[in-house]
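Protein chains in written order, with our numbering: chain A, 26 to 239; chain B, 22 to 235.
Don't be surprised by glycine CBs; every beta carbon is placed ideally from N, CA and C.
Everything numeric in this text was worked out from a predicted model, so none of it was measured.
To start, the structure under review is shown below, and the notes come after it.
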Amino acid sequence: MTFAACALAVARKDLLTEWRSREVLPALAQFVLLALVVTLFAFDLDAASAARIAPGVLWLVVLFAGLVAFGRAFAAEKVQASLEALLLTPAGPVAIFAGKALAAAAVLLACEAVLVPGIGVFLGVGLPPLAVAAVLLSTAGMAALGCLFSALAVQTRARELLLPVLALPIWIPFVVYGAAALTGRAPQALANLLALDILVVVVAGLAARFVLDD
Amino acid sequence: MKPAIEARGLTQRFGRQLVLLDIDLQVAAGERVALLGDNGAGKTTLLRLLATVARPAAGELRLLGLDAVRQRSALRSRLGWLAHEPGLYPALSARENLEFFCTLHGLPRGRAVECLEQLGLTDDALRPAAELSRGRRQRLALARTLLHDPELWLLDEPDSSLDAAGRDLLGRLVSGRTLVFATHDRGLADELDARVVELRAGRVLDRGALQVVR
């Protein structure tokens, strides 16, 4: 069984489970819309100020939606007591980790598909294609790190608390480069995000074996 | 012929609490062993060590001729582990649950149908695991353990929630296999023609006919 086939099987299983149970996606979509509505009422917005705060709103919502999406990745396996059965297959912990990160990234992408047009509708700010590319690149790296910390946090009692404490500081570079992509330095920011993605995917892949297996 | 299990001085701690102390156990290939004992005697902890889902604090453990700590990856697909909780995916049907594990084991999907039939679950194949009774879920978890035809079976209270027909089925399923299982029911040990190893407060008691006394 190849690494890719195992990872895809795990991702497919997680997405099928989410599609049928609808535990996370509707709640996250609702969160995205509510965050935009609250922004609309919390700030005295005109066209210029809306354009200035839009990047901040975008990244705040992506970060907090990411915490929910990635936090569920391993929590569900823990609740169902199915993680041990998974780890006893020849698939290997890294393939299982990759599959779960893929599925969680897909859930976050679905939220972003609501968020990006939502910013246009609620704040009247259209995001340029390069900014959307920055969001997509950030999602990949955030998924790798978020799922790694989710696997770590799920083994502790205070997992809901531990994940934000671990993940948010490490996600800051994605916000820095992502925000830069929205403020006119897009090509360099995208290159930095790509490099960061490669680094965190490799590191998370190497660490996943130890986190899941020990 | 090498024994299927050779454990010497197995010790396990949870923090400062000693839950297993200096356990010696030898199980021959084809032998069935029942771990008996009160709640908290250490049955599940010992089974988890044998299933390689936990590491011993001290001692040596060889399974199927391999070191259970250093050669864990090579061992895992040769073990059949059924935890106390069935560990199924509630949103997936019985067949989908097994097909998912077939993929991870590199087995054809048809094997899932064979195992469902063997456990008398053909009529439940398309029902979500969440809708199955506790006894049917236990049968499904046994079917998952059977999928890859493991050389060494490690079952934690396998008769949990099984009716009389289910217990008969369990007997036929493990006939001729190397099996270690935890139970509170001495009758099950007799039914499965198993050698009894009694644990008390993390130690193996001398039961006369046992090969292992300490």
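Does DSSP classify Gln55(A) as helix, strand or coil?
-> Looking up residue 55(A) in the first sequence gives position 30. The answer is helix: DSSP assigns Gln55(A) an H, G or I state.
Is the Cβ of Cys31(A) closer than 9 Å to any Cβ of chain B?
-> Locating residue 31(A) in the first sequence gives position 6, counting from the first residue. Judged by the 9 Å Cβ criterion, Cys31(A) is in contact with chain B.
Is the number of C-beta pairs between the stretch 135-142 of chain B and the stretch 95-106 of chain B that are closer than 8 Å three or more?
-> Taking 8 Å as the limit for Cβ pairs, the verdict is that the stretch 95-106 of chain B does not touch the stretch 135-142 of chain B.
For Ala128(A) versus Val57(A), is the C-beta spacing smaller than 9 Å?
-> For the purposes of this step, residue 128(A) is identified with residue 103 of the first sequence, where counting begins at 1. For the purposes of this step, residue 57(A) is identified with residue 32 of the first sequence, where counting begins at 1. Note that the C-beta distance between Ala128(A) and Val57(A) is not below 9 Å.
Whose Cβ in chain B lies nearer than 7 Å to the Cβ of Thr114(A)?
-> Residue numbering aside, residue 114(A) sits at position 89 when the first sequence is read from its first letter. Ordered by position in chain B, the residues that pass the 7 Å Cβ test against Thr114(A) are Ser98, Phe122, Leu125, His126.
Residues of its chain near Ala230(B), where Cβ-Cβ distance is below 6 Å and the 5 sequence neighbours each way are ignored = Along the second sequence, read from residue 1 onward, the residue named residue 230(B) stands at position 209. Annotation note: pLDDT 49 at Ala230(B) (below 50); position unreliable, coordinate value reported separately. Same-chain partners within the cutoff: there are none.
What does a CB cutoff of less than 8 Å around Leu168(B) pick up in its chain, not counting 5 residues either side in sequence?
-> For the purposes of this step, residue 168(B) is taken as the residue at position 147 of the second sequence. Leu119, Phe122, Cys123, His126, Leu128, Arg132, Ala133, Cys136.
Within the chosen definition, does the stretch 130-141 of chain A reach the stretch 35-51 of chain A through at least 3 CB pairs nearer than 8 Å?
-> The stretch 130-141 of chain A is in contact with the stretch 35-51 of chain A.
Do you know how far the Cα of Arg76(B) is from the Cα of Leu46(B)?
-> Numbered from 1 along the second sequence, position 25 holds the residue referred to as residue 46(B). Numbered from 1 along the second sequence, position 55 holds the residue referred to as residue 76(B). Distance from the CA of Leu46(B) to the CA of Arg76(B), rounded to the nearest whole angstrom, comes to 16 Å.
Assigned secondary structure, Leu137(B) (DSSP; H/G/I helix, E/B strand, else coil) = Numbered from 1 along the second sequence, position 116 holds the residue referred to as residue 137(B). Leu137(B) falls in the helix class under three-state DSSP.
Members of the stretch 72-105 of chain B near chain A, C-beta cut-off 9 Å = Against chain A - using a Cβ distance shorter than 9 Å - the residues of the stretch 72-105 of chain B are Ala72, Thr73, Val74, Arg76, Arg93, Ser94, Arg97, Ser98, Leu100, Gly101, Trp102, Leu103, Ala104, His105.
For Pro212(A), does the three-state DSSP call read helix, strand or coil?
-> Taking the first sequence and counting its residues from 1, one reaches residue 212(A) at position 187. In the structure shown, Pro212(A) sits in a helix (DSSP, three-state: H, G or I).
Please compile the residues from chain A whose C-beta is within a distance smaller than 9 Å of the C-beta of Leu113(B).
-> Taking the first residue of the second sequence as position 1, residue 113(B) is located at position 92. Per Cβ cutoff of 9 Å: Lys38, Leu41, Thr42, Arg45.
Go ahead and label Trp84(A) buried or exposed: buried means 16 or more other beta carbons lie within 10 angstroms of its beta carbon, across all protein chains shown.
-> The count along the first sequence starts at 1 and reaches residue 84(A) at position 59. Its Cβ being crowded by 16 or more others within 10 Å, Trp84(A) is buried.
Give the secondary structure of Ala28(B) by DSSP, where H, G and I count as helix, E and B as strand, and everything else as coil.
-> For the purposes of this step, residue 28(B) is identified with residue 7 of the second sequence, where counting begins at 1. Annotated three-state conformation of Ala28(B) is strand, per DSSP.
For Phe202(B), write down the residues that DSSP places opposite it in a beta bridge.
-> The residue labelled residue 202(B) in the question sits at position 181 within the second sequence. For Phe202(B), which the question treats as bridged, DSSP gives the partners Ala55(B), Leu176(B).
Same chain, Cβ closer than 7 Å to Gly86(B), neighbours up to 5 away in sequence not counted | Counting from one through the second sequence, the residue named residue 86(B) turns up at place 65. Cβ within range, chain order: Lys23.
Since Ala79(B) is in the beta strand (DSSP E), which residue starts that stretch and which ends it?
-> In the second sequence, the residue the question calls residue 79(B) occupies position 58. Taken as a continuous stretch (DSSP letters only), the beta strand (DSSP E) holding Ala79(B) covers 79-84.
Would Gln38(B) be called buried (16 or more neighbouring beta carbons within 10 Å of its own) or exposed?
-> Here residue 38(B) refers to the residue found at position 17 when the second sequence is read from its first residue. Gln38(B) comes out exposed.
Sorted by chain position, which residues of the same chain lie with C-beta nearer than 6 Å to Val226(A)'s C-beta, five sequence neighbours on each side aside?
-> Translated into the one-based positions of the first sequence, residue 226(A) becomes position 201. Apart from the 5 residues on each side of it in sequence, Val226(A) sits with its Cβ closer than 6 Å to the Cβ of Ala169 in its chain, given in chain order.
Residues, ordered as in the chain, of the stretch 158-170 of chain B that lie near chain A by beta-carbon distance below 9 Å = In summary, the residues of the stretch 158-170 of chain B whose CB is separated from some CB of chain A by less than 9 Å are Ala162, Arg165, Thr166, His169, in the order they occur in the chain.
Leaving out the 5 sequence neighbours to the left and right, which residues in its chain are closer than 6 Å to Leu148(A) when beta-carbon positions are compared?
-> As a first step, residue 148(A) is located in the first sequence; it is residue number 123 there, counting from the start. Excluding sequence neighbours, Leu148(A) sits near Ala75, Ala79.
So what does DSSP say about Pro149(B), is it helix, strand or coil?
-> Translated into the one-based positions of the second sequence, residue 149(B) becomes position 128. Here Pro149(B) carries a strand assignment [DSSP, helix/strand/coil].
Taking Cβ to Cβ, would you say Leu109(B) is nearer than 9 Å to Gln105(A)?
-> On the second sequence, position 88 is the one that residue 109(B) refers to. On the first sequence, position 80 is the one that residue 105(A) refers to. Cβ atoms of Leu109(B) and Gln105(A): closer than 9 Å.
Quick one: what does DSSP say Ser114(B) is sitting in, helix, strand or coil?
-> Taking the first residue of the second sequence as position 1, residue 114(B) is located at position 93. DSSP places Ser114(B) in strand when its eight states are reduced to three.
Ignore the nearest five residues each way along the sequence and tell me which others in Pro171(B)'s own chain have a CB closer than 7 Å to its CB.
-> Within the second sequence, residue 171(B) is the residue found at index 150, counting from 1. Correct list, in chain order: Arg99, Leu100, Gly101.
What's the gap between the Cα of Leu221(A) and the Cα of Leu113(B)?
-> Here residue 221(A) refers to the residue found at position 196 when the first sequence is read from its first residue. Here residue 113(B) refers to the residue found at position 92 when the second sequence is read from its first residue. It is roughly 36 Å from the alpha-carbon of Leu221(A) to the alpha-carbon of Leu113(B).
Output, in chain order, the set of chain B residues within a Cβ distance shorter than 8 Å of Ser107(A).
-> Your numbering for residue 107(A) matches position 82 in the first sequence. For Ser107(A), the chain B residues whose C-beta falls within less than 8 Å of its own C-beta are Gly108, Leu109, Tyr110, listed in chain order.
Pro111(B): which of Asp88(B), Leu31(B), Gly80(B), Arg155(B) sits nearest, CA to CA?
-> Translated into the one-based positions of the second sequence, residue 111(B) becomes position 90. Nearest option by C-alpha distance: Arg155(B).
Could you spell out where the beta strand (DSSP E) holding Arg221(B) opens and where it closes?
-> What you label residue 221(B) is simply residue 200 of the second sequence in a count that begins at 1. First-last of the beta strand (DSSP E) with Arg221(B): 216-221.
Tell whether a beta-carbon distance below 9 Å holds between Leu31(B) and Ala79(B).
-> Looking up residue 31(B) in the second sequence gives position 10. Looking up residue 79(B) in the second sequence gives position 58. If you check the CB distance, Leu31(B) and Ala79(B) come in under 9 Å.
Taking Asp39(A) as part of the alpha helix (DSSP H), name the residues at either end of that continuous run.
-> By one-based count along the first sequence, residue 39(A) stands at place 14. Counting along the chain, the alpha helix (DSSP H) containing Asp39(A) begins and ends at 28-46.
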